[in-house]
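Working notes, beginning with the structure itself.
Residue numbers (our numbering), protein chains in the order written: chain A, 48 to 323; chain B, 4 to 184.
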């Protein structure tokens with residue numbers, strides 16, 4: 048595929064971002080550009096669109112097409128027990144503290160297709176906390192929320208997930224949590240009995256509750272510094288004092304204005320705790 | 004710089020004699036087992052005068068550094084010379100993918116990009132190296148005769164016949180020669 052020269056491509060993308068905001072209310076202005084450009088080029092290739100102008104026309108004329116575009120542009124790739132040491136740390140360092148609350152509220156921000164959510168639910172179940180925990184699972188994308196609710200994942204990934212589960216300190220037979228069915232597995236729906244799913248856009252929506260733990264892993268990497276700062280403030284408003292914030296392994300709070308009221312609870316695994 | 008099987012050894016032998024004051028930032032993408040949370044950084048810290056760091060998102064490129072792609076992330080570059088990380092789909096069965104970083108570096112640095120592709124049992128890196136070359140940058144491939152596994156070098160030579168084929172020692176002296184200017 049040939050693209051017009053880079054400067055031109057980039058200008059056109061900026062114009063498209065403005066139009067999408069006007070037409071659909073989604074604001075990608077705070078997204079890190081290297082990834083946006085790459086996702087758009089990839090989308091053009093996959094859809095066999097020859098130019099950005101063709102893409103623009105299709106997007107403006109068809110909201111269903113826009114939904115698909117949204118799903119492709121925002122990265123939804125995820126896995127169960129990504130970074131097992133993170134989940135081990137949750138198990139050993141965070142859940143024991145959360146267990147001292149009579150009722151626990153957790154926000155899984157950018158839950159995507161639910162792999163992290165189910166991993167978390169399994170940890171809570173094994174700590175005997177699931178019954179008194181409510182998890183709010185949100186994503187910008189309605190389609191992935193629907194998938195997360197179904198809890199159906201490819202069987203091909205299960206060997207890796209099982210290894211991740213044990214590396215994260217799991218001691219049960221992992222297969223007890225799901226049933227296999229023609230190349231797919233479906234996870235036990237009782238794991239997400241206390242989960243509320245709904246769309247939330249970190250770039251524009253506000254705080255909606257107070258939580259003891261917020262997980263937002265490998266979402267902020269797609270945002271520029273300003274948008275990251277907005278989201279950090281949003282999280283700060285949404286955490287109880289002494290609450291926990293868990294980021295991705297290469298994401299840091301240290302550049303943020305809110306960092307002064309947080310201490311690292313686990314430096315390596317990027318788990319922060321709000322001071323009192 | 005990118006490599007896969009045999010890439011650790013190859014990159015270490017190129018980088019070991021570069022001085023701490025080496026002016027050109029180097030990004031190294033090596034394929035690693037995604038499931039193992041191993042520490043590649045320690046190995047490089049011990050062997051090199053350059054400062055070896057594992058890339059943090061939004062970190063800015065600086066001279067005297069060798070930037071290691073973290074396990075299980077793609078590495079991209081922004082126009083302001085900061086890193087963006089990405090956990091999107093595997094490319095060529097890999098994350099990090101060499102193609103992704105080569106392409107992104109060429110978008111930012113254009114003809115000032117030098118791509119070096121080392122030993123590996125993969126086709127990753129070829130199309131990114133070709134992209135660098137197409138932007139007027141330099142495409143260097145480790146001599147397949149010397150490479151521990153020659154799949155990756157051969158694949159690159161196949162699609163970029165005009166690339167420069169060099170042994171590790173020669174790549175090192177070439178990089179050192181850039182320092183003298």
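Positions of the beta carbon are idealized from the N, C-alpha and C atoms, including for glycine. Nothing here was measured: the structure is a model prediction, and the numbers come from that model.
Relative to the Cα of residue 193 of chain A, the nearest Cα in the group A:159, A:203, A:209 belongs to A:159. Rounded to the nearest whole angstrom, the CA to CA distance from residue 106 of chain B to residue 138 of chain B is 10 angstroms. The C-beta distance from residue 81 of chain A to residue 87 of chain B rounds to 5 angstroms, short enough to meet the 8 angstroms contact threshold. Nearest C-alpha to residue 141 of chain B among B:16, B:131, B:154, B:147: B:131.
Burial of residue 275 of chain A is indicated by the presence of at least 16 other C-beta atoms within 10 angstroms of its C-beta. Residue environment analysis places residue 22 of chain B among the exposed positions, since fewer than 16 neighbouring C-beta atoms fall within 10 angstroms of its C-beta. In this structure residue 166 of chain B is in contact with residue 144 of chain B, their Cβ atoms being roughly 5 angstroms apart against a cut-off of 8 angstroms.
At a beta-carbon threshold of 7 angstroms, the residues of chain B lying near residue 298 of chain A are 60, ordered along the chain. A distance below 7 angstroms separates the beta carbons of residue 17 of chain B and residue 171 of chain B. Our two residues, residue 203 of chain A and residue 231 of chain A, have alpha carbons roughly 8 angstroms apart in a direct line. Taking a 10 Å sphere around the C-beta of residue 265 of chain A, we find 16 or more other C-beta atoms and assign the residue as buried.
One Cα belongs to residue 199 of chain A, the other to residue 263 of chain A, and the distance between them is close to 22 angstroms. Here the C-alpha atom of residue 222 of chain A lies approximately 45 angstroms from the C-alpha atom of residue 108 of chain A. Interface flag for residue 79 of chain A against chain B is set, since a Cβ pair is found closer than 7 angstroms. Among the residues of the stretch 93-120 of chain A, none has a Cβ less than 9 angstroms away from any Cβ of chain B.
When A:55, A:62, A:72 are compared, the shortest CA-CA separation from residue 251 of chain A is found for A:72. Checking the DSSP bridge columns, you'll see residue 147 of chain A has no partner listed. Looking at the DSSP output, residue 5 of chain B shares a beta bridge with B:32, B:120. Proximity of the stretch 234-253 of chain A to the stretch 274-290 of chain A meets the contact definition, three or more beta-carbon pairs being nearer than 8 angstroms.
Between residue 101 of chain B and residue 136 of chain B, the C-beta gap is not smaller than 7 angstroms, which leaves the two residues out of contact. At a cut-off of 7 angstroms between beta-carbon atoms, residue 265 of chain A makes contact with chain B.
Put simply, the backbone Cα of residue 183 of chain A is about 24 angstroms away from that of residue 308 of chain A. Classified as exposed, residue 50 of chain B has fewer than 16 neighbouring CB atoms from the shown chains inside 10 Å of its CB. Contacts with chain A at 7 angstroms (Cβ-Cβ) do not include residue 83 of chain B. Under the DSSP assignment, residue 180 of chain A falls in the beta strand (DSSP E) whose first and last residues are 180-186. The C-beta of residue 122 of chain A has 16 or more other C-beta atoms within 10 Å across all chains shown, which makes the residue buried. Annotation: the continuous alpha helix (DSSP H) that includes residue 93 of chain A extends over 80-93.
The secondary-structure analysis by DSSP pairs residue 87 of chain B across a beta bridge with B:79. For residue 11 of chain B, the CB contacts under 8 angstroms within the same chain, skipping 5 residues up- and downstream, are 33, 43, 46 in chain order. Taking the Cβ atoms as the reference, residue 136 of chain A lies roughly 16 angstroms from residue 176 of chain A, outside the contact range of under 8 angstroms. According to DSSP, residue pairing for residue 270 of chain A in a beta bridge involves A:78.
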